[in-house]
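A quick write-up on the structure given underneath.
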Amino acid sequence: MRIRKYSVSDGDAIENIHFETGFLGRSMHELLSNTALWSREIAYYLEKEPESIFVLESKGVVVGYLLGCLDDTEMNTAALFLTTRIKNFLQSIFLSRKDRIFWRSQFLVLLKIVFGSSGERRFNTPVNAGHFHINLLPQVRGRQYGTKLLHHFERYARTHGVSCIHADGYQTRVNPSMNFWLTNGFSEFSRVPTRTWERYLPEESISLVCYSKLL
Ligand SMILES: CC(C)(COP(=O)(O)OP(=O)(O)OC[C@H]1O[C@@H](n2cnc3c(N)ncnc32)[C@H](O)[C@@H]1OP(=O)(O)O)[C@@H](O)C(=O)NCCC(=O)NCCS
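So the sequence shown is residues 66 to 280, counted in the working numbering.
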């Protein structure tokens with residue numbers, strides 16, 4: 066197992082892992098058949114900041130990634146989220162029923178966010194900070210590789226003058242990754258209730274949590 070910098074040829078593997086882990090650590094196959102629209106969620110990192118991506122490789126196969134962004138202000142997360150979700154909703158009319166239902170449900174969540182019944186508008190993240198997304202395929206979880214990948218990014222961010230990083234994720238019974246953040250020196254910066262997965266997990270109480278750490 067080794068950690069290395071991203072190269073353009075890793076793009077498909079990263080999009081595949083993003084799809085295989087997108088549903089609270091589980092595969093999006095349960096909800097979607099078309100992968101292309103889902104991949105738009107991470108296009109910014111692959112296109113605009115590939116130098117801040119690290120991959121975990123096992124026998125020549127990419128099995129995990131960390132998508133980094135050194136400066137949040139470079140990436141207008143809210144605007145990107147809004148435009149991507151609207152675009153996906155509109156384009157999904159050409160896709161299968163399953164996909165149309167998913168993107169329509171996400172568009173309805175967008176309206177719930179805008180009108181305040183899903184808590185994202187109260188979600189806070191640190192200013193002048195970097196952030197990242199980390200995802201490992203199920204078969205390599207729980208063996209300290211996530212921690213190693215994170216340390217790699219922390220060293221990289223520090224050498225680029227970043228003094229604070231954060232990661233935002235969903236906390237639920239289904240994917241209780243909170244210990245990962247606390248064990249690795251993060252603390253909870255903000256937490257809001259979200260209705261993002263309500264259609265698919267109506268019994269779950271799910272929060273969107275920002276974990277932050279000073280480097
Ligand atoms: C979260 C994730 C990146 C952690 O990487 P990992 O290699 O599995 O974690 P590590 O082995 O380095 O674990 C470090 C610590 O975090 C804790 N931890 C990790 N994942 C956990 C989970 N799902 N639930 C509870 N604790 C967890 C472990 O207890 C471990 O501490 P310990 O060794 O003292 O017991 C990985 O499990 C993953 O990709 N999960 C699915 C997707 C996800 O949740 N991504 C993050 C959302 S932003």
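Note that beta-carbon positions come from the ideal geometry of N, C-alpha and C, so glycine has one too.
Computed from a prediction, not measured in an experiment: that's the story for all the values here.
1. Expressed to the nearest angstrom, what Euclidean distance is found between the alpha-carbon atoms of T86 and I158?
2. Count the other C-beta atoms from every protein chain shown that fall within 10 angstroms of the C-beta of N141, then say buried if there are 16 or more, exposed otherwise.
3. Just checking P267 against ligand 1 - is the residue's beta carbon closer than 7 Å to any of the ligand's heavy atoms?
4. Residues in the same chain with beta-carbon distance under 7 Å from Y109, minus the five sequence neighbours each way, listed in chain order, please.
5. Judging by CA-CA distance, which residue of S242, T224, R150, N200 is the nearest neighbour of F119?
6. Going by alpha carbons, who is nearest to L194 out of T248, E219, S170, L273?
7. Quick check: the Cα distance between I178 and G184, rounded to an integer number of angstroms?
8. Within this structure, are the beta carbons of N81 and L160 separated by less than 8 Å?
9. Got a sec, what are the start and stop residues for the beta strand (DSSP E) N200 sits in?
10. Looking only at C-alpha atoms, which of H83, E114, V239, K70 sits nearest to W262?
11. May I ask you to check if the CB of G90 is nearer than 7 Å to at least one heavy atom of ligand 1?
12. Compare the Cα-Cα distances from L89 to each of T259, L280, Y71 and report the closest residue.
13. With respect to the alpha helix (DSSP H) encompassing E80, which residues constitute its N-terminal and C-terminal limits?
14. Mind pulling the alpha helix (DSSP H) runs of 4 or more residues that sit fully within the region 135-187?
15. Below 8 Å, can you find three or more Cβ-Cβ pairs linking the region 161-174 to the region 225-234?
16. Taking all protein chains shown into account, decide if S277 is buried (16 or more other Cβ within 10 angstroms of its Cβ) or exposed.
17. Does the beta-carbon of Y210, which I'm using as the reference point, lie nearer than 7 Å to any heavy atom of ligand 1?
Answer, in terms of the structure:
1. 24 Å
2. exposed
3. no
4. If the five residues before and after Y109 are omitted, its C-beta is found closer than 7 Å to the C-beta atoms of M140, L145, all from its own chain and listed in chain order.
5. Of all alpha-carbon atoms in S242, T224, R150, N200, the one lying nearest the alpha-carbon of F119 is that of N200.
6. Per the sequence presented here, residue 194 reads as Ala, with Leu not at that position. Closest option to A194, Cα to Cα, is E219.
7. 6 Å
8. Using a Cβ distance threshold of 8 Å, N81 and L160 do not count as a contacting pair.
9. 195-201
10. V239
11. yes
12. Shortest Cα-Cα distance from L89 to any of T259, L280, Y71 involves T259.
13. 76-85
14. 142-156, 162-179
15. no
16. buried
17. Yes.
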